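From first to last, the protein sequence lines are chains V and U.
If you read the first sequence in the numbering used here, its first letter stands for residue 1, the second for the next number, and so on.
If you read the second sequence in the numbering used here, its first letter stands for residue 15, the second for the next number, and so on.
A short worksheet on the structure shown next.
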Amino acid sequence: KSSQTTLGKFFGKP
Amino acid sequence: MLEARLEQAQLLKKVVDAIKDLVQDCNFDCNDSGIALQAMDNSHVALVSMMLKAESFNPFRCDRNIAIGLNLVSLTKVLRAAQNEDILTLKAEDAPDSLNLTFESSDKDRISEYDLKLMDIDQEHLGIPDTDYSATISMPSAEFKRICTDLMAMSESVTIEAGKDGIKFACNGDIGNGSITLRTVQDVENKENNIEIALTEPVSLTFSLKYLVNFCKAQNLSKTVKLHISNEVPLLVEYAMEGGSYLRFYLAPKIGD
């Protein structure tokens, strides 16, 4: 079963 | 100060309607280029990025950076008092406590005026990297909504696969499985019916349908929607509006087996 990632994993703090 | 006049209130009504179930408290960041919003949902899985360009207003004046901290539930209550075809004007001071909204009927026989109290919102902004997506799909927004709604009835997730043969939306649920495959459509007379697939490499990613169905509330903003997909990065769902304005949604993928 796949798990949900969150955006923090891909998008950094500017 | 900010002064922004929209010929038709429905633009703002539709935008707020499309995002209010995803984000509640958020800043409208105003400067001379327009009104921007970036906000994540509580679970940090989806992100809304709105840009209402100065060109979408007539006139638009904002000489410095102004953050307008809004509760979208409250804003919705006020916007409900505006008719779609009303002329809507937003006004705010440089460090505003309130947002002034006026709605004028097009034949000018009625002017409604509201002041909405603002909030101090300390918003966490994410840097969204510029991405060359492997697949960009343009399709009728109604079609995308239908696909997401139909598959949601069967499963929590959808796997979007784009390859040289087309784009496939597939789901696997307790009662069975289903899929919809779209191929390129070129309708010369009705360009909004076109399905265009631009592909540099095949992609396959899985997403939660609950969020996609939520994004589809933006369907009324644009007859077409663009999906930008690359393996292992968030999906970008984009609704473009007149004047270069847009409403974009980013959705983190589901990963692993």
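Each residue gets a CB set at the ideal place from its N, CA and C atoms; glycine is no exception.
Keep in mind it's a predicted model, so treat the numbers as computed, not measured.
Self-check item: Proximal chain V residues relative to U/Leu89, where beta-carbon distance stays under 8 angstroms
Solution: Against the second sequence, residue 89 of chain U aligns to sequence position 75. At a C-beta separation below 8 angstroms, U/Leu89 has no neighbours in chain V, since its nearest C-beta there lies roughly 24 angstroms away.
Quiz item: Applying a beta-carbon distance threshold of less than 7 angstroms, which residues of chain V neighbour U/Gly270?
Solution: Along the second sequence, one-based indexing puts residue 270 of chain U at 256. Residues of chain V with a Cβ closer than 7 angstroms to the Cβ of U/Gly270 are, in chain order, Ser2, Ser3.
Quiz item: How would you write the range of the alpha helix (DSSP H) that U/Lys27 sits in, first residue to last?
Solution: The sequence position of residue 27 of chain U within the second sequence is 13, counting from 1. Element bounds for U/Lys27: 24-33.
Quiz item: Using Cβ-Cβ distances below 9 angstroms, what residues of the region 46-64 of chain U are close to chain V?
Solution: Contact residues of the region 46-64 of chain U toward chain V are Met54, Ser57, His58, Val59, Ala60, Leu61 (C-beta to C-beta distance below 9 angstroms).
Quiz item: Assuming U/Ser218 and U/Thr173 make a contact with CB atoms under 8 angstroms, what is their CB distance in whole Å?
Solution: Looking up residue 218 of chain U in the second sequence gives position 204. Looking up residue 173 of chain U in the second sequence gives position 159. Contact holds; Cβ gap of about 6 angstroms.
Quiz item: Which first and last residues belong to the alpha helix (DSSP H) in which U/Ala156 is found?
Solution: For the purposes of this step, residue 156 of chain U is taken as the residue at position 142 of the second sequence. Start and end: 155-166.
Exercise. Can you give me, in chain order, the residues of the region 233-247 of chain U that have a beta carbon less than 9 angstroms from any beta carbon in chain V?
Key: Flagged, chain order: Glu246, Val247.
Practice problem: Grab me the residues of U/Glu175's own chain with a C-beta within less than 6 angstroms of its C-beta, minus the 5 sequence neighbours each way, in chain order. | Solution: For the purposes of this step, residue 175 of chain U is identified with residue 161 of the second sequence, where counting begins at 1. Here the set comprises Lys182, Ser218.
Quiz item: Are U/Ser126 and U/Glu118 closer than 9 angstroms when you measure CB to CB?
Solution: In the second sequence, the residue the question calls residue 126 of chain U occupies position 112. In the second sequence, the residue the question calls residue 118 of chain U occupies position 104. The Cβ-Cβ distance between U/Ser126 and U/Glu118 falls below 9 angstroms.
Practice problem: May I ask which residues mark the beginning and end of the alpha helix (DSSP H) holding U/Ser305? | Solution: Absent from the model: residue 305 of chain U. The displayed extent of chain U is 15 to 271, so no value can be given.
Exercise. Could you check what DSSP says for U/Val227 in three-state terms: helix, strand or coil?
Key: In the second sequence, residue 227 of chain U corresponds to position 213, counting from 1. Looking at U/Val227 - three-state DSSP - the assignment turns out to be helix.
Self-check item: Coil, strand or helix - U/Leu132 by DSSP
Solution: Within the second sequence, residue 132 of chain U is the residue found at index 118, counting from 1. U/Leu132 sits in coil when the DSSP states are folded into three classes, being neither helix nor strand.
Quiz prompt | U/Ser57 versus U/Arg262 - alpha carbon distance | solution = For the purposes of this step, residue 57 of chain U is taken as the residue at position 43 of the second sequence. For the purposes of this step, residue 262 of chain U is taken as the residue at position 248 of the second sequence. Taking the CA atoms as reference points, U/Ser57 sits about 18 angstroms from U/Arg262.
Quiz item: Quick one, which residues of the region 128-162 of chain U are near chain V if we go by CB-CB under 9 angstroms, in chain order?
Solution: Taking 9 angstroms as the upper bound on Cβ-Cβ separation, chain V lies near residues Glu138, His139, Leu140, Gly141, Ile142, Pro143 of the region 128-162 of chain U.
Quiz item: Are the beta-carbon atoms belonging to U/Arg78 and U/Asn45 less than 9 angstroms from one another?
Solution: Residue 78 of chain U sits at position 64 when you count from the first residue of the second sequence. Residue 45 of chain U sits at position 31 when you count from the first residue of the second sequence. In this structure, U/Asn45 lies closer than 9 angstroms to U/Arg78 by Cβ.
Quiz item: Is there at least one Cβ from chain V nearer than 9 angstroms to U/Thr220's Cβ?
Solution: Residue 220 of chain U sits at position 206 when you count from the first residue of the second sequence. The Cβ of U/Thr220 sits closer than 9 angstroms to at least one Cβ of chain V.
Self-check item: DSSP three-state assignment for U/Gly258, whether helix, strand or coil
Solution: Counting from 1 along the second sequence, the entry for residue 258 of chain U is found at position 244. Shown here, U/Gly258 sits in a helix according to DSSP, grouped into three states.
Practice problem: Look at the Cβ atom of U/Leu16, then the Cβ atom of U/Ala106, and state whether they are nearer than 9 angstroms. | Solution: Sequence index remark: in the second sequence, residue 16 of chain U carries index 2 (1-based). Sequence index remark: in the second sequence, residue 106 of chain U carries index 92 (1-based). For U/Leu16 and U/Ala106, yes; Cβs fall inside 9 angstroms.
Self-check item: Listed by chain order, chain V residues near U/Ala266 by CB distance under 8 angstroms
Solution: Taking the second sequence and counting its residues from 1, the one referred to as residue 266 of chain U is at position 252. Those within 8 angstroms of U/Ala266 in chain V are Gln4, Thr5, Thr6, Leu7, Lys9, Phe10.
Practice problem: Can you grab the Cα-Cα spacing for the pair U/Thr195 / U/Ala32, in whole Å? | Solution: Sequence index remark: in the second sequence, residue 195 of chain U carries index 181 (1-based). Sequence index remark: in the second sequence, residue 32 of chain U carries index 18 (1-based). Here the alpha carbons of U/Ala32 and U/Thr195 stand approximately 26 angstroms from one another.
Quiz item: What first and last residue would you give for the beta strand (DSSP E) that runs through U/Glu118?
Solution: Looking up residue 118 of chain U in the second sequence gives position 104. If you look at U/Glu118, you'll find it in the beta strand (DSSP E) that goes 112-118.
Practice problem: Kindly indicate if chain V contains any beta-carbon less than 9 angstroms away from that of U/Ser171. | Solution: Counted from its first residue, the second sequence places residue 171 of chain U at position 157. U/Ser171 counts as touching chain V.
Quiz item: Which partner residues does U/Asp43 have in the DSSP bridge list?
Solution: For the purposes of this step, residue 43 of chain U is identified with residue 29 of the second sequence, where counting begins at 1. According to DSSP, U/Asp43 shares a beta bridge with U/Ala50, U/Ala81.
Quiz item: Where in the region 163-237 of chain U do unbroken runs of the alpha helix (DSSP H), each at least 4 residues long, occur, reported from the N-terminal end onward?
Solution: DSSP assignment within the region 163-237 of chain U yields the following whole alpha helix (DSSP H) runs of 4 residues or more, N-terminal first: 223-229.
Quiz item: Quick one: what does DSSP say U/Lys268 is sitting in, helix, strand or coil?
Solution: Here residue 268 of chain U refers to the residue found at position 254 of the second sequence. Reduced to three states, the DSSP call for U/Lys268 is strand.
Self-check item: Length of the line joining the Cα atoms of U/Asn207 and U/Ser236
Solution: The sequence position of residue 207 of chain U within the second sequence is 193, counting from 1. The sequence position of residue 236 of chain U within the second sequence is 222, counting from 1. One C-alpha to the other measures close to 12 angstroms.
Quiz prompt | Cβ neighbours of U/Gln137 in the same chain (closer than 6 angstroms, five flanking residues each side left out) | solution = Here residue 137 of chain U refers to the residue found at position 123 of the second sequence. Asn41, listed in sequence order.
Exercise. With DSSP as the reference, label U/Ser70 as helix, strand or coil.
Key: The residue given as residue 70 of chain U occupies position 56 in the second sequence. In the structure shown, U/Ser70 adopts helical secondary structure according to DSSP, grouped into three states.
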